[in-house]
Amino acid sequence: EILVGASLPLTGKEARVGGFYRDGYETAVKQWNEKGGVDVGGQKKQIRLTLLDNQTNPTTSVSQFERLVTQDGVNFLLGSYSTLLVSADNIVAERYKIPYVNGGGAASAIYEKGNRYLFGTLSAVENMAKTQMQWLKELQDEGKLTTKPAKIALIWENTDHGKDYQKGVQDFVKANPDRFEVVIDESFELGAQDFTSLLTKVKSANADLFMADAHLEDFILMERQRREQGLYHQMVTYGARGSEKDAREQLGNEAVAGIVAGTWWNANLPYPEVEQFVEMWKSTHNGDVPQWYHAISYEAANTLFNSIQKAGTCDREKVRDTLAQYNETSILPGNKTYFKENGQIDNPFVIVQNTPEGESIVVYPKDIATGEAIMPMPK
C-alpha cells in the first residue's frame, strides 16, 4: 500500500470548501485504486488515504500533519485548503523531507521560503489580478468599457491572499496610468460579520469598477450588502469568487448575473481531458458539474500519484525530484501541469462571467472563450 495523509478544514469557517477538497482527493484515490492502483516499478499498489479534520485551525493543521508523518507513517502528503492553513502546515513537509502536493494555497508568499518539498497546483493570486486587468484594458480597446481612466474600488481581505491581489491590481494600474486609477484601496478582516461601513466608503468613492478579493462566505455577505446599498458598478469581481453554485443558491441567479471571476479552472475548458473529467465526475456525483475546487484538488492528487508511478518507487527524494521535473498534459488551464523552481504552477487564469440563466461562460482568454462578456453590467 501507498500511505497518503491529508489534513483539511472539514469543520469551522472553511468547512464548505474543505468538503469539496476531500471529494476531489477521494475521487482521485478511488479512480486509481479501481484501475488496480499505482504501478510502482512493475508492482501495483493500492493507495490508502488518511484524512483528518483541522477545524480551520492552523495550529491543529500543523500538529495533524506532524502526526500523519510520525505516528501514521504516511509516505506522502496532500495539502490543506486556504492560504492561511497551507502557509502554516507546509513546514512539516520540510522538516521531515516528505513531498507535499496542495491545491489550496495560492499566495506567492507561501512559495518564497525556499521550500524543496512543497508543490502547488494553484497559480498565484497576483497573476489573477493581472489577468483581470489585462482583460479590462482589452475591453477598453474594444470600446466596451468607455471610461478612461476607469476608477477602481479595490477591496481586499487582510491576508497574504488579499495582499497578492492588491499588488497585482496596483502594479498594473501604475504601469497604465492613462487607463486606470484606484480611488479607494481598503482591506477588511477575513470572516468579518458586517461590511456596511466599508461599502459606504466605496459608495462615496464613486468608482466605475468594483474589484474585491474575498473568500466564499465573505463574498456572499459583501455582495448581499452591496446590493442592499444600491451600488452600481460597470464591472464587479470578487477575485476568484462569484461563479460558485453556493452563491447562486444563496443570492439567486439574478443577483449574481454579470459578476466576473478570475478562476483557476472551468468545466467548459475546450480540452478532451476536461470533457472526460467532467463526464466522469457527473457519473459519480449524481449529475453534478464539478466546481474549480473539485478539479484543482483532484489534479493535485493525480499529480502526486502520477509522480510516484513515473519515479517507479516510493522513495521520497526520488518522487520529490520527479515532481520538480513534472510536465504533463492535464485538465488545468493551459492543458498541462508543471511547476516553477519555487514549486508553484504558473498557468493562465480563466475569466468567467455569470449569466442570468445561472451558467458561467468563459470570456477570456479569447482562444478558449465560450461566450462574449456583457460589459458594462446591466443596471
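FYI, the numbering for the sequence shown is 22 to 400, going by the working numbering. Where is the CB? At the ideal position from N, CA and C, for every residue including glycine.
Is it the case that the Cβ atoms of residue i and residue j are separated by a distance below 8 angstroms?
i	j	result
residue 125	residue 150	no
residue 146	residue 176	no
residue 253	residue 118	no
residue 165	residue 202	no
residue 377	residue 278	yes
residue 326	residue 347	no
residue 45	residue 315	yes
residue 142	residue 358	yes
residue 233	residue 260	yes
residue 297	residue 266	no
residue 301	residue 281	no
residue 335	residue 123	no
residue 25	residue 333	no
residue 121	residue 102	no
residue 382	residue 294	no
residue 160	residue 230	no
residue 37	residue 242	no
residue 355	residue 368	yes
residue 154	residue 216	no
May I ask you to report which of helix, strand or coil DSSP gives residue i?
i	result
residue 240	helix
residue 156	helix
residue 357	strand
residue 317	helix
residue 202	strand
residue 367	coil
residue 31	coil
residue 404	The structure shown does not extend to residue 404, since the chain spans only 22 to 400, so no value can be given for it.
residue 331	helix
residue 249	helix
residue 348	strand
residue 375	strand
residue 166	coil
residue 123	strand
residue 310	coil
residue 208	strand
residue 400	coil
residue 270	helix
residue 147	helix
residue 226	helix
I'd like to confirm the pairing. Which residues does DSSP put opposite residue i in its beta bridges?
i	result
residue 262	259
residue 64	61
residue 74	29
residue 47	None, per the DSSP bridge assignment.
residue 23	68
residue 382	374
residue 140	122
For the beta strand (DSSP E) that residue i lies in, which residues bound it at each end?
i	result
residue 131	Careful: residue 131 lies outside any beta strand (DSSP E) and carries neither H nor E.
residue 232	230-234
residue 111	Premise fails: residue 111 lies in the alpha helix (DSSP H), 104-117, not in any beta strand (DSSP E).
residue 283	281-284
residue 172	171-178
residue 99	97-99
Along the chain, where does the alpha helix (DSSP H) containing residue i start, and where does it finish?
i	result
residue 303	293-305
residue 186	181-196
residue 12	A question about residue 12 goes unanswered here, because the residues of the chain that appear run from 22 up to 400.
residue 80	79-91
The region 285-292 contacting the region 355-375, beta-carbon criterion three pairs below 8 angstroms: With a cut-off of 8 angstroms, the region 355-375 and the region 285-292 count as touching, because enough Cβ pairs lie within range.
Validate contact between the region 48-68 and the region 247-263 using beta carbons, cut 8 angstroms, 3 pairs: Judged by Cβ distances under 8 angstroms, the region 48-68 makes no contact with the region 247-263, as fewer than three pairs qualify.
Three CB pairs or more closer than 8 angstroms across the region 105-116 and the region 57-73: At 8 angstroms Cβ cutoff, the stretches do not touch.
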